[in-house]
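Residue numbers (my numbering), protein chains in the order written: chain Z, 21 to 315; chain B, 1169 to 1458; chain R, 440 to 678.
Written as C-alpha cells, this is what we have:
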C-alpha cells in the first residue's frame, strides 16, 4: 500500500474519534460546536508528555484521555442544563477559549540541547515519539484502527445494553426520561466525559501522526466538520460517524474526486442528504431495518 | 487616560455598530424560525466577494458595489433558506443548523476558488484623513457605519411597527400557530424575513469591507462569530438586545484590546459569553431555542 | 345543508393516532357542539380542520371543496376561522393590532377599518382597551379579543375551541350570548366545549367524542343532560 493511501486511511481513523465524540453528544440530545477543543487538549497534552518528558505513548494517551474527559466534564457541568442553541454557543465559546489558550501557551523545555514544546501561535513541533521508536506508518495505521475497533466494540455493546437505551431516551425525550426517574443531567455529564476522552484520544494520535500541531488546527471548522460527519453518517449507530468521515475524507479527498471543489460537493451533499434523512444515512430506522433483515 | 477611554469607546461603538447589524440579522431569522443560520456570515461574504470580483474585472463605483453586495447577500441567503430551512420547517433544528454549516463550507470554498488570493483590496469608503475633534480622532467611515446602523435600526423599527408586513412578522415571532390561524402566510413571512436579514447583513458587510479597504475569506466566519456572540450577549431573540449586544461587544473588545492585546480581546468576549450562559442569566435564556 | 363535512379523518402525532376515523357534519347556519373528555382529540380535530395539522387519511370538505392538507392561511381565506384553545392572543401587540392581524388575509383592506368599528360596537370593552397590550387584558377580555380577531376575516364558519376555559360564570354567559348573536347574524358555529350545560343550551346539534372517535350524535333533547355531562367529562367507559 502506498504512503498516500496509508495517510488517507490513517486520517479517516483519526477523525473518526472526533466524529464519534460529537456523535455521543448528539445521541444524548446535545449539539456541540466544541469537540475540537478536546481534540486539541489531547494533542497538546499527549505531545507535551512524550516530547518533553519522555513518557511512552500508551501512558501519554491515557493521561490525555483523562484530561480530555475532565476538561469536557468541567465545561459541561455549568452548561449541560442549557438546551439547543444555548448549549451549542456555550461550547463554541469554550472551544474558542481553549484555542486562544493554545495560542498563549509557551511551554518550552530544553531537550537534546534545544528548546522543544508548544510555542504559542508558532505551534508545537517535534512530536516524534513514533519515529524515535521505529514505528512505521503502516504499523501506526493498524494501531489507530485497533484502538478504533476497541472503542466501536465498546460503543456497540453499550448501545445494545440498557444504558444505551437510557442514553438514547435522554436524547430523544428528556422530560419523559426525567419522569421515569433518570437523572438527565448526570447522564449527560457521563456522556460528555466519554466524548471528551474520545476526542482527546483522537487528538493525541493525531499529534503523533503529524509530529507538528498548531492552534489553528483546532478551530471551529474542525468542530463543524466533526458534527457534520456524525449527523450525515447517521445517529442510529456508532458506525454512522465513521460513514460520515469515510464519505468526506475517504471518498472525496482520498480519491481526489472533485479535487479543488471537494467542500462544495461535500457541503451540498450534506445539505441535500439532510433534507431526506435528517438523522443521517444510518439513522435509527435504517439500523432497525438492517437488524431485522440480518437476524 | 480618560482620553484613551473615550477614544477606545468611540472605536468600540463603531465596530459594535457593524456587530449590531449582524446580530439583528441573526435575531430576525432566529425570531421567526427559532433556529440559527450559520451560513449567514458566509452569505454576506458571498455578496462582498461578488462586489470585489466586479470591481476587479470591470471597475465599479462605490454605490454599484454596495448594490451588488446587497443583491449577492440576498441571493445567497435565499439559497440557504431554500436548502437548509424550508425543508426542515416542522422538523429537526439540528439538521437545519448542520445543513447551514455545510453551505458555509460551500461559500468559503467558492470564494477561494474564484478569487484565490488570501487578500484583496476593496475600494475604501473614504480615502482622506480622519476627523480630528480635539484630542479624539473619528474616522469618517466609522461615522458612516454608525449612521448607517442607526438608519437601519430606524428602518427596521418602521417596518416592524408601522407596516402590515411587520405586523405579520411580529405575529409569527410571538405566536406562530395563532398567526397562521389569523390568515398569515407563515412560510412567505419566513422567506421575506430571510431576505430582510440578508439585506441587513449585506449592508453591514459592505461597510466593514469598505472601511477596512480589504477582504479576506475569513469574513464569513468572522461576521458569523461576531453576530452570534452579539446576539447571545444581548439576549437571544430580542431585537433591541441585538443592537445593545453588538455595541457592548464592540466596547468590550476595544477596551480589552487596548489593555491586554488582541488575543485577550477575543478571550474576554468568549469568557463573558460563557459565564453569562453558564450562570443562565434570565435575560439571556428565556427564549426557547427549539 | 352541510357546510363542513369531516369524513373518516385520521390524524396522527408521529405514530400515535389522536383521531382514529372521525366523521361529522356541521350544518349551514347552525350551532354545532363537540363535547368529550380531555384527551379525546377535540383540539386535534379543530387543528386538522383549520389546517395546522394535516390528516393522515380522510376528507374534510368545506362548501363542497376539499380542504384537508390546505395550509392554514388559505383555509382562512376560504371562510373558516378558528378561535384556538387558550386564546393565543398576540400579547405584546395592542388590541387594535390583534384585530388587524385577524384581517390579514382580507383582500379589501379598506373595509377592515369599518369592521374594526363593528367589533368595537359588539365588544365595547375592547374599544376601551384598543391601544393596550393584549397581554394586559383579563381572561374574559382576551377571549373576546380572540373571537373578534377570528371574526375579522369575515368567516362563514367559526370554530371555537373551549371558549369558556378558565373564565368566571358571568363571563361565560357573556361569551355564549355572543355565540347566539353571531349565529343570528348568519355565522355557522362549530364549538368545542367542556361546559356541556351551557353548550347544550345554544346548540342545535351535538357530537360526543371519546378516544379519537365520535361516539354519539344527536340534538340536545336526545340524550338525558346528566348522561351527556357524565360522558363529556368522564367518557362512557366509566360506571
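Glycine is no exception: its CB is placed at the ideal position from the N, C-alpha and C atoms.
Since the structure is predicted, the reported quantities are computational estimates derived from the model, not experimental observations.
Comparing C-alpha positions only, which one of the options sits nearest to residue i?
| i | options | result |
| --- | --- | --- |
| residue 606 of chain R | R:590, R:589 and R:634 | R:634 |
| residue 642 of chain R | R:585, R:657 and R:519 | R:657 |
| residue 1305 of chain B | B:1173, B:1445 and B:1439 | B:1173 |
| residue 207 of chain Z | Z:49, Z:34, Z:26 and Z:35 | Z:49 |
| residue 1409 of chain B | B:1190, B:1234 and B:1273 | B:1190 |
| residue 1303 of chain B | B:1427, B:1296, B:1176 and B:1238 | B:1176 |
| residue 1292 of chain B | B:1299, B:1376, B:1392 and B:1406 | B:1376 |
| residue 468 of chain R | R:667, R:644, R:672 and R:655 | R:644 |
| residue 1222 of chain B | B:1237, B:1382 and B:1366 | B:1237 |
| residue 518 of chain R | R:589, R:494 and R:640 | R:589 |
| residue 489 of chain R | R:480, R:499 and R:495 | R:499 |
| residue 639 of chain R | R:508, R:649 and R:667 | R:667 |
| residue 1447 of chain B | Z:180, Z:77 and Z:97 | Z:97 |
| residue 264 of chain Z | Z:233, Z:35 and Z:177 | Z:35 |
| residue 624 of chain R | R:456, R:470, R:563 and R:446 | R:470 |
| residue 262 of chain Z | Z:195, Z:165 and Z:226 | Z:165 |
Does the CB of residue i have a neighbour CB from chain B at under 8 Å?
| i | result |
| --- | --- |
| residue 536 of chain R | yes |
| residue 257 of chain Z | no |
| residue 96 of chain Z | no |
| residue 543 of chain R | yes |
| residue 198 of chain Z | no |
| residue 582 of chain R | no |
| residue 223 of chain Z | no |
| residue 286 of chain Z | yes |
| residue 540 of chain R | yes |
| residue 295 of chain Z | yes |
| residue 532 of chain R | yes |
| residue 124 of chain Z | yes |
| residue 306 of chain Z | no |
Would you please verify whether the beta carbon of residue i is less than 8 Å from any beta carbon of chain Z?
| i | result |
| --- | --- |
| residue 1260 of chain B | yes |
| residue 1278 of chain B | yes |
| residue 1458 of chain B | Residue confidence is low: residue 1458 of chain B scores 35 on pLDDT, short of 50, so the model does not pin down where it sits. No coordinate-derived value is stated. |
Can the beta-carbon of residue i be found less than 8 Å from the beta-carbon of residue j?
| i | j | result |
| --- | --- | --- |
| residue 545 of chain R | residue 551 of chain R | yes |
| residue 621 of chain R | residue 597 of chain R | yes |
| residue 287 of chain Z | residue 1343 of chain B | no |
| residue 653 of chain R | residue 463 of chain R | yes |
| residue 582 of chain R | residue 526 of chain R | yes |
| residue 614 of chain R | residue 627 of chain R | no |
| residue 219 of chain Z | residue 88 of chain Z | yes |
| residue 161 of chain Z | residue 26 of chain Z | yes |
| residue 42 of chain Z | residue 250 of chain Z | yes |
| residue 1337 of chain B | residue 1361 of chain B | yes |
| residue 151 of chain Z | residue 64 of chain Z | no |
| residue 215 of chain Z | residue 92 of chain Z | yes |
| residue 1466 of chain B | residue 123 of chain Z | Residue 1466 of chain B falls outside the range modelled here, since chain B spans only 1169 to 1458, and no answer is possible. |
| residue 592 of chain R | residue 542 of chain R | yes |
| residue 1395 of chain B | residue 1193 of chain B | yes |
| residue 1442 of chain B | residue 114 of chain Z | yes |
| residue 110 of chain Z | residue 1417 of chain B | no |
| residue 149 of chain Z | residue 138 of chain Z | no |
Give a yes or no on whether the minimum CB-CB distance between residue i and chain R is below 8 Å.
| i | result |
| --- | --- |
| residue 1324 of chain B | no |
| residue 1446 of chain B | no |
| residue 1382 of chain B | no |
Who are the neighbours of residue i on chain D, taking C-beta pairs under 7 Å?
| i | result |
| --- | --- |
| residue 648 of chain R | In summary, chain D is missing from the structure at hand, where the protein chains are Z, B and R. |
Runs of 4 residues minimum, wholly inside the stretch 1228 to 1312 of chain B: which ones carry the alpha helix (DSSP H) assignment? 1230 to 1248 and 1261 to 1282
Taking Cβ-Cβ distances below 9 Å as the criterion, which residues of the stretch 511 to 529 of chain R are in contact with chain B? 511, 512, 513, 514, 515, 516, 520, 521, 522, 523, 526, 527, 528 and 529
Output the residue ranges of the alpha helix (DSSP H) runs that lie fully inside the stretch 589 to 675 of chain R and measure 4 residues or longer, sorted by chain position. 608 to 623, 635 to 641 and 664 to 673
So if I threshold CB-CB distances at 7 Å, which residues from the stretch 488 to 509 of chain R count as touching chain B? 489 and 491
Using a Cβ-Cβ cut-off of less than 9 Å, give me the residues of the stretch 98 to 109 of chain Z that come near chain B, in sequence order. 98, 99, 101, 102, 103, 104, 105, 106, 107, 108 and 109
Positions along the stretch 1243 to 1257 of chain B whose CB lies within less than 7 Å of some CB in chain Z: 1251, 1252, 1255 and 1256
Secondary structure, beta strand (DSSP E): runs of 3+ residues fully inside the stretch 484 to 545 of chain R: 496 to 501 and 519 to 522
Got a sec: which bits of the stretch 1192 to 1215 of chain B sit with their beta carbon under 9 Å from any beta carbon on chain Z, in order along the chain? 1198, 1202, 1203, 1204 and 1206
Residues in the stretch 585 to 596 of chain R with C-beta within 9 Å of chain B's C-beta atoms, listed in sequence order? 585, 588, 589, 591 and 592
Mind pulling the alpha helix (DSSP H) runs of 4 or more residues that sit fully within the stretch 226 to 284 of chain Z? 240 to 253 and 259 to 265
Pick out the complete alpha helix (DSSP H) segments inside the stretch 78 to 136 of chain Z, 4 residues or longer, and give them in chain order. 104 to 124
In chain order, what are the residue ranges of uninterrupted alpha helix (DSSP H) at least 4 long that sit wholly in the stretch 1388 to 1430 of chain B? 1407 to 1428
Of all the residues that make up the stretch 632 to 646 of chain R, which are near chain B by a beta-carbon distance shorter than 7 Å? none
With 9 Å as the C-beta to C-beta threshold (strictly closer), list the residues of the stretch 1431 to 1442 of chain B near chain Z in chain order. 1431, 1432, 1434, 1435, 1437, 1438, 1439, 1440, 1441 and 1442
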